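K.L.:
I have a structure I would like to understand better, so I am pasting it below and will then ask my questions one at a time.
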Amino acid sequence: RGWGLEILCANPAEYSNTLTAVVMPKDAQGKHHDADAFRKVVLENFNMSLGQGLSKLSGWVFRIGHLGDFNDLTLAGTLAGVEMGLALAGVPHRAGGVQAALDYLRETAPGARRSQQRKVA
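Per this note's numbering, residue -14 is the first one in the sequence shown, and the count goes up by one each step.
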């Protein structure tokens, strides 16, 4: 959400722990930017594969898989590739999605609570 793009899930309590589908923004004519062209830019520039939208979502959604051996650092790299790809593909978005994710990961890291307790004491 840090990019100002819609996540294809209305209720945050129902977010998947294995997949995130991101809706491409619409252009001035009300048509979604081409998710497949964006995915191609990311693949060609960063050798990173993003999933395509399926069925009715084809062409206007891309998917980020996050299962298996996927940790905070892997996530940060993936989000950096997506953010750079959005810029290279000319997809309108807010910059700072990676920084927002890093802030969240730092605040929720296992040692974060202990660090906060030391500052208060």
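Virtual Cβ for every residue (Gly too), placed ideally from N, Cα, C.
Computed from a predicted model, the values in this text were never measured in an experiment.
To the nearest angstrom, how far is the alpha carbon of A74 from that of V26?
P.N.:
Roughly 6 Å separates the two Cα atoms.
K.L.:
Return helix, strand or coil for Q37, following the three-state DSSP convention.
P.N.:
strand
K.L.:
Alpha carbon to alpha carbon, how far is K11 from H17?
P.N.:
4 Å
K.L.:
Excluding the 5 residues flanking T3 on each side, which residues of the same chain have their C-beta closer than 6 Å to its C-beta?
P.N.:
Residues L52 of the same chain have their beta carbon placed closer than 6 Å to that of T3, with the five preceding and five following residues left out of the count.
K.L.:
Helix, strand or coil for V76 per DSSP?
P.N.:
coil
K.L.:
Whether or not the segment 40 to 60 and the segment 79 to 94 are in contact is what I'm after, with contact meaning three or more pairs of Cβ atoms, one per stretch, closer than 8 Å; do they touch?
P.N.:
Under the 8 Å Cβ criterion, the segment 79 to 94 counts as touching the segment 40 to 60, having at least three qualifying pairs.
K.L.:
F47 lies in the beta strand (DSSP E); which residues open and close that run?
P.N.:
Segment V46 to G50, the beta strand (DSSP E) holding F47.
K.L.:
Span of the beta strand (DSSP E) holding A6?
P.N.:
L4 to V8
K.L.:
Residues in the same chain with beta-carbon distance under 8 Å from A61, minus the five sequence neighbours each way, listed in chain order, please.
P.N.:
V83, A86, L87 and L90
K.L.:
Would the beta-carbon of F31 fall within 9 Å of that of G81?
P.N.:
no
K.L.:
Answer with buried or exposed for E92, where buried requires no fewer than 16 other C-beta atoms within 10 angstroms of its C-beta.
P.N.:
Within a 10 Å sphere around the beta-carbon of E92 sit fewer than 16 other beta-carbons, which makes this residue exposed.
K.L.:
Exposed or buried, G70, counting other C-beta atoms within 10 Å across all chains shown (16 or more means buried)?
P.N.:
With 16 or more other Cβ atoms within 10 Å, it is buried.
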